[in-house]
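Protein chains in written order, with our numbering: chain A, 195 to 915; chain B, 195 to 915.
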């Protein structure tokens, strides 16, 4: 089938997605926002979130502008006349830069829309809980779906339109880099913000003054709620936006490389591709993502139609439905894509369909693995809870160890998915597995954004004095949200991991196409080994910087909370409201100040490695960072999740329940886990994508140094005559 | 100079070393063992340590026997007639096996001797403190020197004699593997033992009953002291024994490979080697180690002559002296080795001398880096201590982050040392840097073993009622010991890292010599990438298993201590002694049970990777494990050390001092850090060496699977026609 026509699928799906997001937005906004006190609290949260976004976007604008200028003016060995195929040429700086800015603005828009509706949905969901579980769930789910649909809609419209106008994956790469730049800021900044508030609120409120969670007297409560929105809605949304687009780009770049070799190789042979076949392969990732979006839309719509009294089940049903619909629809579109192709190419397309299915299944399994390691009815979390009986130190040791252990199953899962995908369709197969994994990301982001909405709803119900029954209903919704979040995190880590592996391969193809000598990434070359070494260390450094940032900021928050309580005793007695704006201000400014250094590192270090040690070393750097980043991301996410749930399980009355020493020890675990699971762990995903894309974007510049071999090449290379 | 003659240097130095060890043993034993109560306590410690070693050696015997049989009977593609050069042949199974057993027995002997004297020295050092700092220091220093000298003496006598009789590095490889097998058991087992006792004693004694450290009423006190000996004396000794021999073997194997190519290549060219020149290169590592031992002996002897009132300064002086003497003496022996060689070869020898000097300097810098990150007068530890003001969770976050940060400087140090060494003399240069680093290991082990002796001496002084003044003197000695330990750990990690890198290179040379196709370790081959992925995950898995082991065992210890206090209240009132044998029994049995799984993993996983994914993937596996292992080892060692010293700093009266909430939070940090720094962190070094040697030893077996390409090679390899 003619390529431009089938590309319409993605564009149309994207537009439907945005329309549906707007419809859900309308559904949410028309709901009752609850009593005056609730609206007041929701108003504070909204104001805080919008303020944060404004400042964040301002700094982000500067960052994007600097990188845009760098993209435009950094010299490369290529000239305009080199735009022979447009593929992999580097002379389209201004077009790539434009795509970069569009990507950044698109990601910001999706983040803004999702968060705007999120902060409107929380109070309405709380009010919905006064009617019943179903109503509360509906409002929160619609609110979350706005984020999910906006993310995927904007991404698909951007990618398909850009490729339609300028059919060169390098342009889409610019778009992807824009999305990633935003994701880095949203994820790191949001992560620092949310945990600054959360840790600060817990340390003073719970530990020193025995205030319950979400107590309105605690000056950091609102900041904590704002943090849920900026960290968990906008942050996770931009993270998956970023992985989503990056996976498409990686696959497109690998497919574009076939226009140079004309042949695709995989372990059991090779297939010569026709021009038509090559064109189909390049758009296949976009098409399958469009199909995945339709599958997500159907899943979300069915949940809407049916409604549910069992929130956890409903969310999972949506995921399963989307998966099943994807399998069917993607088969149909594989058939459509194959019309007019040669027999061998048709076989190849079906293999590629297989890789995308494997990727999706792997993602779901990874999600449930991380669920296993963090569920309070499974052994790891139970053991961690029991370890709290021995005190603070033992609960930490236990959670840390189980976090490390939990790396093994998903590592084996990714390895298996990668191996099978490679066996089916070579490196392109691995990239398509990542695309398949991320195809239903609309559903995943929706489920994930549901979490902070109900978390906020619970807080608003508490502060709006809606009574125990309503709070219990909100708690049920919240608990489903936590499970959804655990699954999403496993999914997101798997997605990021497969995506960056695909980006590594596409980087190598790009380098080859641009004439760099990169036949191998050989660890026996000392410069390559050095690249790998630095790469393995980077996630550790990055995690350290982020956790220290949270710690520094939380200390300021603690001082501010103590100051308010001491200077105005009426806050504690509930006679006067706390000064929320001051705590929000601390979290906002601190998070933005602290994300500068990690952001710079993620851009500068890959470039420095490339300049000094060469392109192959940069490949090894990315490889090392991907593998060690996987270990750190999984460990921190799962340890944090397990500590959190162990604490909740104890708070449910187990092992003595609230107020005991066991409970206090479990709070220590939870507090350590907070920046693990919500700041450092998930930021690593984005770090990896940003570093991989940086390598691809600035590849031309790197070729100026010893032809891509790096300035120190001669010192570290043995040439055997 | 004729090779056999110069080899005598190493043999003679080894023998002098053993003689001096015996002399120091005599000096220690003739000292006054103190009052009856002290002798009683020392008796308990000695008995516990000996019991532990006996059981440990019994299980170790079984483990060694199984591996010996495997070495003898596992099939290889080679036959006896293939022993063309004896180099790299695999048909000398029984000789290699014999060397293996000798290495194991030698390491056990050195461990036994060092520990035997260590447990005698502690009470005598305590008694010495009644006379003065100098006397106490002397006894403890002599006691520690026995371990240092025994380790190096046995290693050098073993290596030089074996090579003299059977001049094949593969035989020495067997010896090295024997030493490593023992080190794995001693390090993991000792690490679990010591922290089971320490954590258990602290959790109940300090936290629940407010007993001071080393209180004789605490039933786990003696087990804790035994642990210092088995973990820190025998464990660290066998660890450095293992790195020491492994570094020699790696360099010898790389040198032996020149007999195949006849040429040594480095970045600025290549040199054709004469037969004489090749022979000199093979023995150069042994000779330089002999020289290093002499330098250590001189350093130790000068400290003995001079004595010191400033223990910390004396220990460092010993290190500096040994380093300086090494520079001079090694230059002399480089000159002697160069006699009769051709001009180009003489130049090469001087380059190699340079690499060994760079290695040694790097080791010392690494040691002081880890000292910086763990000293209580430097920023990291101060910040961690201050974080304790915010409670348990923040002190953990702070220590964990600084631990991660502390990875960066030593990583850069190792990278720089590797790069310069490679620039000077290629892969052989890197191996010789490791040899240089480890050359003065006699001094390093001596200083390190001094630590637990004075730690024990302090405990005995406390339990023997020697009074506050004597305890303060012992405290001063102890504090110097802690600094020495921090430096040693940084040194040991750097040594292990450079050594395993050298082992990786020598593994590749061996594989090439045996006909495996391993031109590169190319991360773009999926099987190689899978190998690297598994490698990066392994140190995380290993750490998790060891920390969980400590946690499980410590819980049993806690139960036992509580039981004793509850069943017999007279223990707490001091009227009746606690039942020490029961707690020692728990620590002993638990540690031995828990080390089985990690030990099996370290042997089985490399073999499995080789069988399934091939020799190149195994190389990548080792590379991944080396880099990620470095991150984990440094992070855990330094975080643990910093937490420990932050606690001590608070106990010195800062931030409110003992008994405050700040102090309690700092104890949590210390307790978390205990298994980090004394179990998991240092065990990773040994893990890496064992896995690397396993790869080399069982290489012949791996070649049976698809010629070393692995069973799954065809499924994962793209062959472009």
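The beta carbon of each residue, even a glycine, is placed where N, CA and C say it ideally should be. Bear in mind the structure is a predicted one, so any value in this text is a computation, not a measurement.
Residue-level contact check: residue 793 of chain B does not touch chain A, since none of the beta carbons of chain A fall below 7 angstroms from its beta carbon. A residue is called buried once 16 or more other Cβ atoms fall within 10 Å of its Cβ, and residue 905 of chain B, having fewer, is exposed. With a contact defined as Cβ atoms closer than 8 angstroms, residue 882 of chain A and residue 690 of chain A qualify at about 6 angstroms. Close partners of residue 694 of chain A in chain B (Cβ separation under 8 angstroms) are lacking, with about 12 angstroms as the shortest Cβ gap.
Using a CB distance below 8 angstroms, the part of the stretch 791-821 of chain B facing chain A consists of 813, 814, 817, 818 and 821, ordered along the chain.
Distance check between residue 828 of chain A and each of A/350, A/568 and A/249 places A/568 closest, using alpha-carbon atoms only. Setting aside the 5 residues that flank it on each side, residue 565 of chain B is surrounded in the same chain by 677, 680, 681 and 684, each with a C-beta closer than 8 angstroms to its C-beta; the list follows chain order.
The shortest C-alpha to C-alpha distance from residue 382 of chain A to any of A/880, A/521, A/349 and A/585 is the one to A/880.
Distances from the alpha-carbon of residue 412 of chain A to those of A/761, A/542, A/773 and A/896 put A/773 closest.
At least 7 angstroms separates the CB of residue 589 of chain B from every CB of chain A. Secondary structure of residue 847 of chain A (DSSP, three-state): coil. Taking a Cβ-Cβ threshold of 9 angstroms, the residues of chain B close to residue 612 of chain A are 720, 723, 724 and 727, in chain order. In the three-state scheme derived from DSSP, where H, G and I count as helix and E and B as strand, residue 716 of chain A is classed as strand. Across the stretch 558-588 of chain A, CB contacts with chain B closer than 8 angstroms involve 581, 584, 585, 586, 587 and 588, in sequence order along the chain. Taking 4 residues as the shortest admissible run, the stretch 425-486 of chain B contains the following complete alpha helix (DSSP H) segments, listed from N- to C-terminal end: 430-455. Neighbours of residue 602 of chain B across chain A, judged by C-beta separation under 7 angstroms: 731 and 735.
The stretch 229-248 of chain A makes no contact with the stretch 285-299 of chain A; the number of CB pairs closer than 8 angstroms stays below 3. Cβ-Cβ distances below 6 angstroms link residue 804 of chain B to 812 and 896 in the same chain, with the five nearest sequence neighbours on each side left out; the list follows chain order. Every alpha helix (DSSP H) of 4 residues or more that sits fully in the stretch 533-570 of chain A is shown, in chain order, as 537-568.
With respect to the 7 angstroms criterion, residue 312 of chain A and residue 419 of chain A are not classified as neighbours on the basis of their beta carbons. Using a 10 angstroms sphere on the CB of residue 792 of chain B, the tally of other CB atoms reaches 16 or more, which defines it as buried.
The beta-carbon of residue 909 of chain A is placed less than 7 angstroms from the nearest beta-carbon of chain B.
Cβ proximity to chain B below 9 angstroms picks out 702, 712, 713, 714, 715, 716, 717, 718 and 719 from the stretch 700-719 of chain A. At a cut-off of 7 angstroms, the C-beta of residue 307 of chain A has no neighbouring C-beta in chain B. Nearest to residue 219 of chain B by C-alpha distance, out of B/341, B/467, B/403 and B/692, is B/341. A check of alpha carbon separations from residue 866 of chain B across B/837, B/572, B/845 and B/596 identifies B/837 as the nearest. Within the stretch 789-869 of chain A, there are no complete beta strand (DSSP E) runs of at least 3 residues.
Boundaries cannot be given for residue 414 of chain B, as no alpha helix (DSSP H) includes it and DSSP labels it neither H nor E. With fewer than 16 other CB atoms across the displayed protein chains lying within 10 angstroms of its CB, residue 457 of chain B is exposed. Chain-order list of chain B residues neighbouring residue 742 of chain A: 595, by C-beta distance under 7 angstroms.
Taken in chain order, the complete alpha helix (DSSP H) segments of 4 or more residues contained in the stretch 611-680 of chain B are 635-657. Excluding its 5 nearest sequence neighbours in each direction, residue 817 of chain B has C-beta neighbours in its own chain below 8 angstroms: 698, 715, 726 and 729, listed in chain order.
Put simply, the CB of residue 617 of chain A is near chain B, with a gap under 7 angstroms to one of its CB atoms. Counting of Cβ neighbours within 10 angstroms places residue 463 of chain A among the exposed residues, the total staying below 16. Proximity of the stretch 210-217 of chain B to the stretch 319-333 of chain B falls short of the contact definition, fewer than three beta-carbon pairs being nearer than 8 angstroms. With a 10 Å radius around the Cβ and a threshold of 16 neighbouring Cβ atoms, residue 400 of chain B comes out buried.
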